[in-house]
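Inspection log for the structure reproduced underneath, given as structure tokens.
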Amino acid sequence: MFSDKTLTPREAVRLCILGTVYQSAMHYADLASSARLFITRLSGPSLELMGTSVELLRYEGLIEPLDGKGMEDNARVAITEAGRNAFRTLMTAPLRPASDLSKLVTALKFRFLHLLPTEDQREQVDLLVETQETGLARLADLRDATAMDSGYMTRWLDEEILRAEQRLSWLQGLRDQVAP
Numbered sequence: 059m060f061s062d063k064t065l066t067p068r069e070a071v072r073l074c075i076l077g078t079v080y081q082s083a084m085h086y087a088d089l090a091s092s093a094r095l096f097i098t099r100l101s102g103p104s105l106e107l108m109g110t111s112v113e114l115l116r117y118e119g120l121i122e123p124l125d126g127k128g129m130e131d132n133a134r135v136a137i138t139e140a141g142r143n144a145f146r147t148l149m150t151a152p153l154r155p156a157s158d159l160s161k162l163v164t165a166l167k168f169r170f171l172h173l174l175p176t177e178d179q180r181e182q183v184d185l186l187v188e189t190q191e192t193g194l195a196r197l198a199d200l201r202d203a204t205a206m207d208s209g210y211m212t213r214w215l216d217e218e219i220l221r222a223e224q225r226l227s228w229l230q231g232l233r234d235q236v237a238p
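Quick note: the sequence shown, position 19, residue 77 per the numbering used here, numbers continuous.
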């Protein structure tokens, strides 16, 4: 954990894996694939976020094979009592403000955008629009993939999609102003 007790990217992946297998036992490969797809649908591909392996959680005693050995024979795995305790610790950690660095960089782009030549301004706004479109597509894909899940994920995604659509509309309006 960070010094403020919020989760590191590695711990966020651990939370995803433990939460997924907490819901139901599953085959090793399905668990790894499910966690990878969930994370990349939400945040895009990231080596930093894909560093934790299911095998490490098995080695640490947080999950255990129900049949077979583990990765080598694609055993069904389940969460252990230690895994449930780790899940609770991770799940109850405080939150940081969303994407501190990304938000700072975006704010700096808007603060100083007017200092660039018009063509560079257009390119930067196009980049922001493209980034927003990509994020919106990821959210919609995740919404489709989790539509039948229990819990509050669908409601949260609906709210995130609404915000992303509003931000995209605003950015498209800005693009029209910068590039009349």
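Ideal placement from N, C-alpha and C gives every residue a C-beta, glycine not left out.
| query | Where Gly-128 and Gly-119 are concerned, what is the direct C-alpha to C-alpha distance, given to the nearest angstrom? | reply | 12 Å
| message | Taking the alpha-carbon of Val-112 as reference, which of Pro-103, Asn-132 and Leu-194 has the nearest alpha-carbon? | response | Asn-132
| query | Which one of Arg-99, Arg-134 and Glu-218 has the shortest CA to CA distance from Ser-82? | reply | Arg-134
| request: Could you pull the start and end residues of the beta strand (DSSP E) that Glu-122 belongs to? | output: 121-123
| field | Limits of the alpha helix (DSSP H) - the one that Ala-144 falls within | value | 139-149
| task | Please report the Cβ distance between Leu-89 and Phe-145, rounded to the nearest whole angstrom; I am assuming they are in contact, meaning their Cβ atoms lie under 8 Å. | result | The pair is not a contact, with the Cβ atoms about 14 Å apart (cut-off 8 Å).
| said: So, at 6 Å on beta carbons, what are the nonlocal neighbours of Ala-87 in its own chain, with the 5 sequence-adjacent residues on each side left out? | reply: Asn-132
| request: Could you round the C-beta distance between Arg-196 and Arg-99 to whole angstroms and report it? I think they count as a contact, below 8 Å. | output: 5 Å
| task | Out of Leu-229, Glu-130, Gly-231 and Leu-200, state which residue places its alpha-carbon closest to the alpha-carbon of Asp-216. | result | Leu-200
| message | Going by DSSP in three states, Ala-136 sits in which element: helix, strand or coil? | response | strand
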